[in-house]
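Peer 1: Each residue of the sequence shown is one higher than the one before, counting from 716 in this note's numbering.
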Amino acid sequence: MITSDQSYQNFPAKSFDFCILFSNHTIVMANFSTKLASTVSAAAIVASAMGASLVSAASEFLPYAEALAAKKVINSQNAESGYRLNDQITRAELAKVAANLGGYTAVKCTGNVYTDVTASLGDLCDAIETLAAAKVISTASNTFRPTANVTRAEMTKMILGALAVAPSSTSAGYSDVNSSLGDLEGFINAAAEKNIVNKATYFRPNATGSRGEVFKIAARAAGLDVNNNNNPTDPAKPGATTGNISVTSVGSATAQYVPRNASSVKVGTIKVTATGGDVALQSLVITRSGLGASTDVESSNGIRAAIDGKIVSSNGYYNSSSQQGNIYFTPSITIKNGESKNIDILVSLNNDAEVNSQHQFSITSVNTQTITPVTLGLINTTAYKTGVVRASLSNKASEVKPGSKDQRLISVRIQPSDRDITLDGFAVTRDNTAAAPVTRPTNDLTKSFNNVTVLQNGKAVGKATVTADKIFVSGLNTPVKVGSTATFDLRADVLLDGVNNGVSLKIEDSSDVSAKETSTNQITRVEPTTTVQTIKFANVTNSFVSNNTAKLTVAPGTDDVKFFDAKLTSSVPVIVKKIKVSADLLNPANGVTRAQFANNFAGANALRVRVNGLEVGQIDNTKLTAGDDYEFTTSFVVDENSPANITVEGNVITDAKLGTLRFKTTLVQVEDMSRNNAILQTTSRTGNDISISNGSVNTYSTSVSNPINTIAANTVVDMGSVGIQSRDQDIKVKKLAFKAVNTTLTGLNNIVDTTNEDNVSVYMDGSEISGTAVVNGNDITFTPDNEIYISKSTRKDFTLKLRTKNFDAAAYGKTLQYELDKDNTDVFAQNVDSGVRSNRVSTLSNVKLSSKAHTVGILSPRITAVKRIEGTNIAEVTVENADADKNIKTKELKLSITARGKDANFNGAIVALKDGINSDEVPAAAGGKVNGADFVFDTSRIGNELTEGAEQKFFVTLTGVTPDDTVVVTVKEITYEYNKTDRKEISGNAADNVSHIETRSVIAK
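(1) Using 10 angstroms around the beta-carbon of S1506, count the other beta-carbons present and answer buried if the total reaches 16, otherwise exposed.
(2) Between which two residues does the beta strand (DSSP E) harbouring G901 extend?
(3) Return the bridge partner residues of E1346 from the DSSP annotation.
(4) By DSSP, does Y779 sit in helix, in strand, or in coil?
(5) Between A813 and A848, what straight-line distance do the alpha-carbon atoms span, to the nearest angstrom?
(6) Given a cut-off of 8 angstroms on the beta-carbon distance, is the pair V1143 and L1220 in contact?
(7) On the three-state DSSP scale, how would you describe N1314?
(8) On the DSSP bridge assignment, give the partners of K786 in chain order.
(9) Would you call N857 buried or exposed, if buried means 16 or more other Cβ atoms sit within 10 Å of its Cβ?
(10) Okay, do the region 1691-1710 and the region 1592-1602 touch, 3+ Cβ pairs below 8 angstroms being the bar?
(11) On the premise that E1607 lies in contact with D1653, defined as a C-beta separation below 8 angstroms, what is that separation, rounded to the nearest angstrom?
(12) Suppose you measure from the CA of S1549 to the CA of A1270; what does that come to, to the nearest Å?
(13) At 4 residues or longer, and completely inside the region 802-844: list those alpha helix (DSSP H) runs for me, N to C.
(14) Could you give the first and the last residue of the continuous beta strand (DSSP E) run that contains R1442?
(15) Inspect the beta-carbon positions of Q1532 and V1456 and report whether they are closer than 8 angstroms.
(16) V965 and P778 - do their beta-carbons sit closer together than 8 angstroms?
(17) Counting C-beta neighbours from all protein chains within 10 Å, is the total for E1054 16 or more, i.e. buried, or is it exposed?
(18) Distance, Cα to Cα, T1470 vs T1613?
(19) For S1126, which residues in the same chain have their Cβ closer than 6 angstroms to its Cβ, ignoring the five residues on either side in sequence?
(20) Here's the rule: buried if 16 or more other CB atoms are within 10 angstroms of the residue's CB, otherwise exposed. What is E1585?
(21) Secondary structure at D1473, three-state DSSP: helix, strand or coil?
(22) Measure the CB-CB distance between I1426 and T1519 and report whether it falls below 8 angstroms.
(23) Please name the residue in N1392, T830, K811, R867 whose C-alpha comes closest to that of V1721.
(24) For A1321 and N1262, I'd like the C-alpha separation in whole angstroms.
(25) By DSSP, does E1502 sit in helix, in strand, or in coil?
(26) Once the 5 residues before and after T988 are set aside, which same chain residues still bring their CB inside 6 angstroms of it?
(27) Along the chain, where does the beta strand (DSSP E) that runs through I1603 open and close?
(28) CA-CA distance, N1147 and Q1122?
(29) For a quick check, are the C-beta atoms of T1441 and T1509 less than 8 angstroms apart?
(30) Please report the straight-line C-alpha distance between N1708 and L1661, rounded to a whole angstrom.
(31) Expressed to the nearest angstrom, what Euclidean distance is found between the alpha-carbon atoms of V1197 and L1170?
(32) I'd like the list of long-range same chain contacts for L1460, defined as Cβ closer than 8 angstroms, with 5 residues on each side in sequence excluded.
(33) Which of the three DSSP states, helix, strand or coil, is assigned to Y1415?
(34) Should the region 798-808 be regarded as contacting the region 865-872, the criterion being three or more beta carbon pairs within less than 8 angstroms?
(35) Using only the alpha-carbon positions, how far apart do N1464 and N1659 sit?
(36) For T1200, collect the residues of the same chain with a Cβ closer than 6 angstroms to its Cβ; drop the 5 residues on either side in sequence, then sort them by chain order.
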């Protein structure tokens, strides 16, 4: 059974409300023992713009007027119209109500208190001077303005002042009540604090009050008993019930003053409750009554329903003849047994509705069942007309990709026509229109879009919410000036819709836009452009990529080889129902037939197809031979966060026939989660070539040319490095062999104590490897204690180092250089038996560890160079003997000289070298040039024999140089000699001496 409640609703004041809401009074006053000579005469009150004919029998103010009349505060009337409740009230009339309400002893009019208050006002002058004498009103001003209308703030102060209610400093929370109102603020706070008025967002202190409003606040403040069936303190009363739905009102109904073209005025809220099981709310009938024109209400969607600020009715039609509005809910609103839904009823008026019309609304039918009316609110139209806002859709996306994030959908344009506005929000509505290429538009936006965002000028604004029918945007608070356009771009994650291939969108009607005039805070009227825009859904975005992009070489005997390895992802969940695997390439090695190669995978060695590690089938080797496709029935879900790894796996037998194999996998059947066919962007993937061979590696000479390629005694000498990199599989190094090349040394034991294996070391990437070195002549074989593993595509550098001893004289001047001995170095694939040398990787190269041969000699001399421009001197080069066993003598220096001068180009400049002590000078050999070829100087004539720690300075001279010139001198090479016999001194016999050349790069600084 359907129930109803005729009590008025109590809902927060909207921005367009002109009424003030009152709650239960808490102030108890004494009996009215003293009255003015007469009560307020209805005939004496000056008529205002609103006539008595506009007051309906449903007026909420009548009970309060009657309560005041019962106490002789105002005169009693035979009919409601006599109270003229909607008329405005003057200051003089309010003074008389306040004086009677407060029970003050009347003062006879003197005409001396205010210049504009005289006996001509009759008993109104008595009332005004009575309040002045009681200090309820101030006499600081010499005028009272008795015929002026009363504001809400003035009304509140005078009534509360007459009842001796003190002002309060505790803010009531009204946005428009602050200290700028002076002492009026305190009385408004007190009225809210004592529940004389309801708390809301706005109080509108400067709005003009009506007679009915004055009567209501006066009766509430005085604590009068009000015979009001709509008293908000009454509990909700059940109305008639039908079936298993009950309907009650929420709160107290109110009267609102609204612009003549008001939109989406909330006239009340109802609670719909399921009382005997789950129910489906399909329709409501709202009936209008009142003395205004019935045609004022919009016929199409003039009456609508909303929940939590969002339109939930699919369409609505108002018939001005029957004065009934039908609201439909498609789909219906399901309410679970025992649960309730609070539904707001919104009313929109025509653009040219009549002024001073009154419209009362009530719920009279639910789901086509008539109920006892549930009374809603009352609206009164004023002469004010709000501005118009035009709304349209533009710049739609040609298509969006399902499964892709942050796709641009469409733009919404908002244009105020005649007043600046503040835009609160808007909505875009789904439409069923089909227009090529969208032949099946979506019927549920929640299945197509998620994470909708709103951008203005590239910046995120507001909050978007998606329902089946609409995309709501709220919280914008965006100012828009007349003549300008605010454009908002909608973006969203687009979901997979296996049934529909697009979406149709529109701005449905004026309720799809919420905006207020900036100057008045009135809700604007909206004129939408309702043209439908269609957006196509592209195919599902997915990824089907190989997990390894490099070709792979595997050795015979390798287990768990992935011949195909790819990852499938989808931007939306899909189900893969069938896949097809085919051998895209089957290329046996020379001398091997297709059948022989395919037999590598026969019987127990058959290749297995797996999805996320679970086997879905095996590939028959006969199909490999024939090149046939092989289909597998599957059922696995793929989405963005749950990829599927599809592999073809198997073992390579020890005696496998060599060749290359490549697989291709195709997605044959894919469905969405509703079992509709889904079309993916990428449906096949060809894997990489898998070669069955003994593997291959790259070898590199990694040493930079050593400028001091000398093997000195009692030092650790770096002989160079070799790099080993696996090309297509993981490898392991079992043994390294280094062969001596370009050597004149008779045996390594001439310079190294080879009886101690610690004197020969191998390092990997800078760290010494534990192992055993065996020397044979000059050749070295190094076996690490543990096989060294190198991952595929990873490079490791191996460095050979020797710890030298004191040399025999015969070793001086001998040369030594090493290269990797590929024939005796053992490198294997990681997963093969390294005990069988025939399994070795066969692609090693004999690369040299260093670019130059090392020479057995002495510690290299130290060379320093200093830039010095003094006269013609441009640099000072110092050579110091660092060896303790041999004297040295500089025989030759090679220098590079570059120079830039302000007044010289140095093309013909002369360069020479002078001894630093005797200033003996030697010219450069022919061919040297400043800013060109190097200069070579024969220093044997001026060079001194240097003992350990001794040094010699050489001065480089350049003609035409000045201190302002820029000169760079670099020592490129030095040639020095020492005695190779047991003697320390340089011999006069050239055959006893070694002449050694070393490359240097010492820049004079």
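For each residue, glycine too, the CB sits at the ideal point set by N, CA and C. On a predicted model such as this, the values are computed, not experimentally measured, just so you know.
Peer 2: Once the coordinates are examined:
(1) Counting Cβ neighbours within 10 Å, S1506 comes out exposed, since fewer than 16 surround it.
(2) Premise fails: G901 lies in the alpha helix (DSSP H), 899-908, not in any beta strand (DSSP E).
(3) As DSSP reads the structure, E1346 sits in a beta bridge with K1295.
(4) Here Y779 carries a helix assignment [DSSP, helix/strand/coil].
(5) A813 and A848 have their C-alpha atoms roughly 13 angstroms apart.
(6) Yes, the pair counts as a contact, with Cβ atoms nearer than the cut-off.
(7) Here N1314 sits in helix by DSSP.
(8) DSSP, once it has assigned bridges, lists no residue as partnering K786.
(9) The residue in question, N857, is exposed, as its Cβ has fewer than 16 Cβ neighbours within 10 Å.
(10) By the Cβ test, the region 1691-1710 is in contact with the region 1592-1602, since at least three Cβ pairs between them sit closer than 8 angstroms.
(11) That belief holds up - the Cβ atoms of D1653 and E1607 are roughly 6 angstroms apart, short of 8 angstroms.
(12) Cα to Cα, S1549 sits roughly 12 angstroms from A1270.
(13) Runs of the alpha helix (DSSP H) lying entirely within the region 802-844 and spanning at least 4 residues, in chain order: 806-817.
(14) In the DSSP annotation of this structure, R1442 is not part of any beta strand (DSSP E), being labelled neither H nor E.
(15) Using a Cβ distance threshold of 8 angstroms, Q1532 and V1456 count as a contacting pair.
(16) In this structure, the beta-carbon distance from P778 to V965 does not fall below 8 angstroms.
(17) Only exposed fits E1054, as fewer than 16 other CB atoms lie within 10 angstroms of its CB.
(18) For T1470 and T1613, the gap between their C-alpha atoms comes out near 52 angstroms.
(19) Shown here for S1126: same chain residues with a beta carbon closer than 6 angstroms to its own, the five before and five after excluded, namely S1109, N1110, T1202, D1204 in chain order.
(20) With fewer than 16 Cβ atoms within 10 Å of its Cβ, E1585 is classed as exposed.
(21) D1473: helix per DSSP, three-state reduction.
(22) By the CB criterion at 8 angstroms, I1426 and T1519 fall inside the cutoff.
(23) No answer is possible for residue 1721: it lies beyond the span of the chain, which begins at 716 and ends at 1720.
(24) Their backbone Cα atoms lie some 22 angstroms apart in a straight line.
(25) DSSP, read as helix, strand or coil, puts E1502 in coil.
(26) Here the set comprises S961, S1055.
(27) Going by DSSP, I1603 is part of the beta strand (DSSP E) stretching over 1603-1615.
(28) Looking at the two C-alpha atoms, the distance is approximately 22 angstroms.
(29) Note that residue 1441 is Ser in the sequence shown here, rather than Thr. It is a contact, given that the beta carbons lie within the stated cut-off.
(30) The alpha-carbon atoms of N1708 and L1661 are separated by roughly 14 angstroms.
(31) Computed Cα separation, rounded: 21 angstroms.
(32) The residues I1466, N1493, A1526, K1529, T1530, L1531, V1571, in chain order, have a CB closer than 8 angstroms to that of L1460 in the same chain once the five nearest residues on each side in sequence are set aside.
(33) Look at Y1415 here: in three-state DSSP terms it is strand.
(34) Between the region 798-808 and the region 865-872 there are three or more inter-stretch CB-CB distances shorter than 8 angstroms, so the stretches are counted as touching.
(35) The straight-line gap from Cα to Cα measures roughly 34 angstroms.
(36) Only R1128, Q1130 meet the Cβ criterion.
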